[in-house]
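Below you'll find the structure, written out as structure tokens, and then a few comments.
Residue numbers (the UniProt record's numbering), protein chains in the order written: chain A, 1 to 159; chain B, 1 to 341.
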């Protein structure tokens, strides 16, 4: 990946942020079974920073609530994301950041799939295959340089 | 179900992912390795209990992806994401570093000794397969060939049970067979049918059939048609056997299949999958000689581990004894009990 050149999409459209979740009384009640839902998955990834712009993936509409599916019986989570432009060279890095954030925060029982929304990128098949090869993802996250870049994306900035 | 998969023992081997388990040729030691950069050797203590007999910690600086035994059992090789292959030699109860093989550009994914003991093969992310030749006088390995036929990451290697023929599985969705031809190593055939990454393959006891598993959630059985076969299947090269997919096992796995093994003692096929399951398949008896082969699921455990099952290994001496390892950091030993059908 080449990080040296300037941003590719110089003037991205900026979208509104979702309102913060309102806390319910039952959220503090340990007797209430409260399974992880789509909104919680979304909250984990919406604050991920774009690698190029001082904006979050939510503000760039790269991720939205509709792109998330969770099945607590099957322990599967599917995240679909939309690169801002169809030839975005950062698409793999963005997908890797989403994967890393979920890997570091979700219980290990979940099987996570991260994919580009169909038709949103010229190399979607290649990128999807790479993002879902756990051996390559593991090796990438063992690489100090790449891990530092991913960590800069997934650590929330002061907003 | 016509068989039962009974859990015998569980070892909490690591806090991290265990990538590989491999029995030595006499079935007395099980080697394991993983993301914690440690190789462990497990052996019997008493009749039933298995314990960690020794630990090798100084081999690699990154995850150890796989370990393999030489056929004599006196050597162990390990492949690391640090681009290195280490060869360990038995010294009494311990294994000491014999040599380190360097040459791959980045992550080495697999290593395998040939049955003849003449060769060691390695493969990795740099899309290449390296063949190393053993030199007895110098007690070292020298590179005999660098094969760049695959167009992507090479995941797994398997030597033929009798001949110096090597099978390699790749992210390019193919399996390739390599043979030595007039001192040169060459790709003898390419097996194309899987729709995604081929994670692993194994020969049957005769070496005439191969089983493979893939990210496409299927298992495939391949048959080698030799020159002048009676079925009349022509080999494109005119020299090397042609491998044809004769059976696809689909609909059982819900995630990628990371490993498949064909037991040389029982003929059973076992799979390790990203859906946490271990499944056992048995070949149906054929009604007619020329009917295509078919396999049925005879046993399974869909909660074999808490996370992905990465590799399995049939004990080569004790029929039905199976080892498995997982992302959950555990290694398990299983016994497969077959019931008469």
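In this text, a Cβ means the ideal position worked out from N, Cα and C, and glycines have one as well.
* To do: Compute the Euclidean distance between the alpha carbons of residue 146 of chain A and residue 332 of chain B, then round it to the nearest angstrom.
  => 34 Å
* Work out the CA separation of residue 127 of chain A and residue 9 of chain A for me, nearest whole Å. => 19 Å
* To do: Given a cut-off of 9 Å, decide if residue 76 of chain B and residue 88 of chain B are closer than it, judged by their beta-carbon atoms.
  => yes
* Report yes if the CB atom of residue 133 of chain A is closer than 9 Å to the CB atom of residue 215 of chain B, and no otherwise. => yes
* Backbone CA spacing between residue 94 of chain A and residue 84 of chain A [nearest angstrom] -> 11 Å
* Have a look at the DSSP bridge pairing and note the partners of residue 115 of chain A. => A:80
* Drop a sphere of 10 angstroms on the beta-carbon of residue 159 of chain A, count the other beta-carbons inside from all chains shown, and report buried for 16 or more, exposed for fewer. => Its pLDDT being 49, under 50, residue 159 of chain A is placed unreliably in this model, and the coordinates cannot settle the point.
* Asked: Rounded to whole angstroms, how far is the Cβ of residue 239 of chain B from the Cβ of residue 293 of chain B, which I believe are closer than 8 Å?
  -> Not a contact, Cβ separation roughly 26 Å.
* To do: Note down, in chain order, each residue of its chain lying with its Cβ closer than 7 Å to the Cβ of residue 170 of chain B, except the 5 sequence neighbours on either side.
  => 150, 152, 153, 154, 155 and 198
* **Three-pair Cβ contact test at 8 Å for the stretch 99 to 110 of chain A versus the stretch 65 to 78 of chain A** => yes
* Asked: Looking only at DSSP bridge pairs, what is residue 260 of chain B linked to?
  -> B:271
* Asked: Who are the neighbours of residue 346 of chain B on chain A, taking C-beta pairs under 7 Å?
  -> Nothing about residue 346 of chain B can be read from this structure; chain B reaches only from 1 to 341.
* Local conformation of residue 390 of chain B per DSSP, three classes -> A query on residue 390 of chain B cannot be resolved here, the shown segment of chain B reaching from 1 to 341 and no further.
* Look at the alpha carbon of residue 49 of chain B and the alpha carbon of residue 9 of chain B, and state the distance between them as a whole number of angstroms. => 8 Å
* Which whole runs of the beta strand (DSSP E) in the UniProt domain "MIP18 family-like" (39 to 115) of chain A are 3 residues long or more, in chain order? -> 68 to 71 and 76 to 81
* Supposed close pair residue 30 of chain B, residue 23 of chain B - CB separation, criterion 8 Å -> 6 Å
* Spatial neighbours of residue 72 of chain A in its chain, beta-carbon cut-off 8 Å, leaving aside the 5 residues before and after -> 35 and 36
* Taking only beta-carbon atoms, is residue 142 of chain A less than 9 Å away from chain B? -> yes
* Okay, do the stretch 226 to 239 of chain B and the stretch 272 to 287 of chain B touch, 3+ Cβ pairs below 8 Å being the bar? -> no
* So, are the CB atoms of residue 339 of chain B and residue 262 of chain B less than 9 Å apart? -> no
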